[in-house]
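Numbering (our numbering), first residue to last: 297 to 720.
Below is the structure:
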């Protein structure tokens, strides 16, 4: 075997070893239905926490969807932190019935700092009142039984829970459709499968619950990377806190343009690097000492696997160019042909894998896809792999560029009924 063939074989074996378990999760997601919990023994009291920056177009719809829950209203408080807003976000939130705090700290930007500020105020002004905090973004909408389903799971003793993340604008563009399928896949074939396998889940973005015991012990929120959700998940894995999953459905707004998506996902990639370099060693030690599968799972989640793909492509491309220029001295025509075949097979294999992920998710979660255009659902099967390929340059640029927290604008002002009916 030529050196490049040995290299490609080693990369393929490494990928297989590292991510074989996700294939097992995928099979579990195919076989097992949604996890279910027994009815809660009692109804707990919750505080909804919403960080909002210039969200006047959407904040009232979220507050209204919380108020329409099939859960006792006296057991739910809604807190909105209007962060450095220059619009009527605070007014719209108050009019809708939320308790509103206004924050104007321009030095410490980002959702994590808003959470720290808001949690500290709630703990000070409502000591011992709430048993858990449920974190949402201002563009979200909740299914009417969201709190009831979360309450059944929380009653089982979990200190943290994530939920079923759906999208309210699947049909807006090929970008929003790709995001939507990715999050549906995350719910069914990752977190749901993790629950069936008895391991810990991971929170993502919004729609997650954190016990007041954790917030009180930290005296606020101490996770301040660009991806505070993954940082919290990793912290839980390191310290043996099992994050549960409940099939409580909520909807959020996905970016529509490639430019907005690139900015958001570059921030995610940078945040993953931050978490990896901060917690990577702790995760490895946890795996070695306690045989924690949850720690291994989170290590694979935050590890820059896309860089490994890029290294493989660059190595094969370099071998191809240098070998061709050597006129047979460094590489024979047969070896160059095998190198070309390796690149083509790698790209084709990746495209096919992502196509099958999109197809399977679309088929199994079709009842959760609310899109007025059927052609968009079908077209997404073919464009979803292209969306995933864009992670390669994003991961590389995030490694070298300075990335700041930039809020994603939201303007899809729709009600829950309009989302379910497929109205955009």
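Positions of the beta carbon are idealized from the N, C-alpha and C atoms, including for glycine.
No experiment lies behind these values; they were computed from the predicted model shown.
Contact set for residue i: own chain, Cβ-Cβ below 8 Å, skip 5 residues either direction
i	result
residue 331	488, 491, 492, 541, 542, 543
residue 339	367, 368, 371, 447
residue 521	408, 527, 567, 570, 571, 574
residue 678	651
residue 512	419
residue 588	533, 536, 582
residue 311	601, 604
residue 337	451
Whole-Å CB distance - residue i paired with residue j, under 8 Å assumed
i	j	result
residue 554	residue 505	Residue 554 to residue 505, Cβ: 33 Å. No contact.
residue 516	residue 412	4 Å
residue 474	residue 676	6 Å
residue 539	residue 532	5 Å
residue 581	residue 694	Wrong, their Cβ atoms sit about 26 Å apart, outside the cutoff.
residue 608	residue 304	7 Å
residue 346	residue 432	5 Å
residue 392	residue 434	With 8 Å as the limit, residue 392 and residue 434 do not qualify as a contact, their Cβ atoms being about 11 Å apart.
residue 549	residue 465	6 Å
residue 667	residue 659	With 8 Å as the limit, residue 667 and residue 659 do not qualify as a contact, their Cβ atoms being about 15 Å apart.
residue 524	residue 500	Contact flag wrong, Cβ pair sits at about 11 Å.
residue 615	residue 627	7 Å
residue 459	residue 546	6 Å
residue 706	residue 421	Not confirmed; about 28 Å, so no contact.
residue 467	residue 669	5 Å
residue 654	residue 477	5 Å
Same chain, Cβ closer than 7 Å to residue i, five either side skipped, listed in chain order
i	result
residue 557	471, 551
residue 324	489, 492, 493
residue 390	396
residue 496	490, 532, 533, 538, 539, 590
residue 661	480, 484
residue 440	364, 365, 366
residue 455	507, 509, 510, 537
residue 632	616, 619, 620
residue 722	Residue 722 is absent from the model: the chain starts at 297 and stops at 720.
residue 360	392
Residues near residue i by beta carbon distance below 6 Å, same chain, minus five either side
i	result
residue 574	none
residue 612	635, 638, 639
residue 530	571, 575, 594
residue 683	474
residue 681	647, 650, 651
residue 430	342, 344, 505
residue 469	552
residue 715	464, 547, 666
Member of the options whose CA lies at the smallest distance from the CA of residue i
i	options	result
residue 605	641, 622, 578	641
residue 382	308, 390, 401, 349	349
residue 559	530, 305, 701, 304	701
residue 373	645, 608, 394	394
residue 419	509, 400, 432	509
residue 365	399, 405, 444, 327	444
residue 507	476, 415, 469, 598	415
residue 711	437, 303, 477, 347	437
residue 691	631, 514, 564	564
residue 353	645, 307, 387, 469	387
residue 398	392, 410, 406	410
residue 597	316, 302, 306, 300	316
residue 400	385, 380, 384	380
residue 442	362, 617, 579	362
residue 407	518, 645, 577	518
residue 402	512, 384, 421, 378	378
residue 426	698, 476, 375	375
residue 733	665, 656, 713	In the structure as shown, the chain begins at 297 and stops at 720. Residue 733 is therefore absent and cannot be evaluated.
residue 313	663, 578, 601, 679	601
residue 703	309, 299, 319, 405	405
residue 717	663, 678, 685	663
residue 486	321, 336, 358	321
Bridge partner(s) assigned by DSSP for residue i
i	result
residue 541	458
residue 375	345, 395
residue 432	346
Chain C contact for residue i (CB, 8 Å cutoff)
i	result
residue 521	Absent here is chain C; the protein component of the structure consists of one chain.
beta-carbon residue i near the ligand PLP non-hydrogen atom, thresh 7 Å
i	result
residue 578	Among the components modelled here there is no ligand, and therefore nothing to report on the ligand PLP.
Suppose only complete runs of 4+ residues qualify. What are the alpha helix (DSSP H) ranges in the segment 637-716, listed by chain order? 670-685, 687-696, 712-716
Complete runs of the alpha helix (DSSP H) confined to the segment 532-608 [at least 4 residues]: 554-586, 589-598
Which residue spans inside the segment 314-370 form an unbroken beta strand (DSSP E) run of at least 3? For the segment 314-370, whole beta strand (DSSP E) runs of length 3 or above, ordered along the chain, are 342-348.
Which runs of the beta strand (DSSP E) fall wholly inside the segment 437-510 and span at least 3 residues, in chain order? 456-463, 504-507
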